[in-house]
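Trainee: In this text, residue positions in the sequence shown follow my numbering: the first is 143, and each later residue adds one.
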Amino acid sequence: MAETGRIRVAKDKAELVKALTSVDGATGPFQTYADVIVFAAALGAKHNKRVPLGEISKREPSPIPQEQFIVRGYDTVINVIAITETKDIKILSFNEDKNVEKRNHIFEEYANGGLELLQAELHGAVDYTERILLMLSSEKLENQPEEEFDLSRFI
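1) Going by C-alpha to C-alpha distance, which of Thr226, Asp177, Ala152 sits closest to Arg245?
2) Need the endpoints of the alpha helix (DSSP H) that Pro267 sits in, please.
3) In this structure, how does DSSP classify Arg273 when only helix, strand and coil are distinguished?
4) Taking one C-beta from the segment 201–218 and one from the segment 169–182 each time, how about it: are there three or more such pairs within less than 8 Å?
5) Per DSSP, which one or two residues make a beta bridge with Thr163?
6) Buried or exposed for Leu162, please, with buried defined as at least 16 other CB atoms from any protein chain shown within 10 angstroms of its CB.
Have a look at this one:
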């Protein structure tokens with residue numbers, strides 16, 4: 143179960159998370175570990191990929207304090223993913239002690255699934271930022287309805 147007040151990262155994804163940040167002179171597309179994890183969780187949720195963490199990274203990145211997510215407004219993403227997964231609004235209740243842990247656990251597993259997808263997508267890439275932008279552009283184009291080209295607009 144999730145460590146109270148912290149979001150954990152699987153040890154086998156720790157290097158990817160570090161590579162995706164612009165911490166310590168790196169040139170990743172994200173500024174913080176929290177940014178990477180939220181993006182990965184949203185990607186995992188979109189593709190319905192929830193993967194248990196297994197062994198947890200203890201250092202770099204160590205479990206991330208939940209305050210880092212709250213300050214950036216990412217707690218909303220954590221809550222929406224939890225409601226979507228459980229289909230129960232009561233998961234947001236603070237009356238039950240284990241709800242925060244349950245929400246974090248669900249979020250961590252979707253983040254791990256998203257990181258797994260990113261690992262596959264970024265394999266062999268030199269510039270992660272460019273590859274992620276291409277991935278997002280491709281996703282956007284897939285979801286746009288096809289419309290016929292109409293020359294009458296130019297008359």
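The C-beta atom is built at its ideal place from N, Cα and C for all residues, glycine as well. Remember, predicted model here, so these are calculated numbers, not experimental data.
Mentor: Inspection of the coordinates gives the following:
1) Counting from 1 along the sequence shown, the entry for residue 245 is found at position 103. By alpha-carbon distance to Arg245, the top candidate from Thr226, Asp177, Ala152 is Thr226.
2) Position 125 of the sequence shown, counted from the first residue, corresponds to residue 267. This sequence places Ala at residue 267; Pro is not what is there. It is not in any alpha helix (DSSP H) - Ala267 carries neither H nor E in the DSSP assignment.
3) Along the sequence shown, one-based indexing puts residue 273 at 131. Shown here, Arg273 sits in a helix according to DSSP, grouped into three states.
4) Judged by Cβ distances under 8 Å, the segment 201–218 makes contact with the segment 169–182, as three or more pairs qualify.
5) As a working note, residue 163 is residue 21 in the sequence shown. According to DSSP, which records beta bridges pairwise, Thr163 is partnered with Phe172.
6) Here residue 162 refers to the residue found at position 20 when the sequence shown is read from its first residue. Looking at its Cβ environment, which holds 16 or more other Cβ atoms inside 10 Å, Leu162 is buried.
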